[in-house]
Structures are given as C-alpha cells and as structure tokens.
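Trainee:
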Amino acid sequence: MESLDENSNLIAQRKSLLPWWVKCVGWLFVVMGALSIPLALFTLLPGSEVNIETFGIVYQGNGISIELILIVLINLFLGVTALGLLRGKTWGLNACIANGFVGIAICLIVMFLSISNDY
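Here the working numbering is used: the first residue of the sequence shown is 1338, the next is one more, and so on.
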C-alpha cells in the first residue's frame, strides 16, 4: 500500500514540474496524433486532396502511400509520448527522450535525401 501511495506522489510531483506551455504543446501533440488516423482515412474518399508535412516528409494527394503511413506513425508516436509525459509516467519521460533522438534522426535522413535525390 505504501508503494502505491509513493507512486501516486511521484506522478503528482512530475506533473507539477511541467510548465504551462509544455502542457499546452503536449495536448496539441496528443490531438495531432489522434487526428492523424482519421486524416489518413479521409484520403480514401473520392475527390479528397490532402497536403500534410511532418519533419520534412511531404504528402500531397489522395490515397494511401508510404509517405502518408510514415507521417501517421510519426504523429501517433508524438501523441503517445506527449500523453505519457503529461500523465507523469516513467515510460512517458523515457519515450520523450527517445522521441527527441528519433526526431533528430528523421530530420537528418530527410535532409540527406533532399540533398542527394532532390526529394
């Protein structure tokens, strides 16, 4: 019973350390992640035209493509990690650190591809 009480105190303490702007941006990421799947499904409707970009990966058009799937997965990852951080979970903090490294890696890969292949 004591460890449960200590765990809830730790989560409350972590939540209180987040400044208001991190909470606002975090909720934006959660909403963006939640809306990414309906947006991908919207591309299947006839006559729909979607323009979306994340970390330099661009998708324009309708229908499912590799770029769209990659953008949806990235947005879902951003949303889940933001939710974990906002809830004060240990895995959320670790996921946000991994999120930073993954974001840097994606940006570097996209920059290299844009220089070498005129992406």
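Using N, Cα and C, we set each Cβ at its ideal position, and we do this for glycine too.
If you reduce the DSSP assignment to three classes, tell me which class E1386 lands in.
Mentor: Here E1386 sits in coil by DSSP.
Trainee: Nearest to M1448 by alpha carbon, out of C1433, L1420, V1395 and L1382?
Mentor: Of C1433, L1420, V1395 and L1382, the residue nearest in Cα terms is V1395.
Trainee: Helix, strand or coil for T1380? Go by DSSP, reduced to three states.
Mentor: Correct three-state label for T1380: coil.
Trainee: In whole angstroms, give me the CA-to-CA distance for V1367 and V1417.
Mentor: One C-alpha to the other measures close to 7 Å.
Trainee: Tell me the start and end of each unbroken beta strand (DSSP E) in the segment 1374–1454 that is at least 3 residues and wholly inside, in chain order.
Mentor: DSSP runs (the beta strand (DSSP E)) wholly in the segment 1374–1454: 1387–1391 and 1394–1398.
Trainee: Below 8 Å on the Cβ atoms is my contact criterion, and I expect F1392 with C1433 to pass it. Report the Cβ-Cβ distance as a whole number of Å.
Mentor: The Cβ separation is near 16 Å, so there is no contact.
Trainee: Give the straight-line distance between the Cα atoms of P1375 and F1414, rounded to the nearest whole angstrom.
Mentor: Distance between the alpha carbons of P1375 and F1414: 16 Å.
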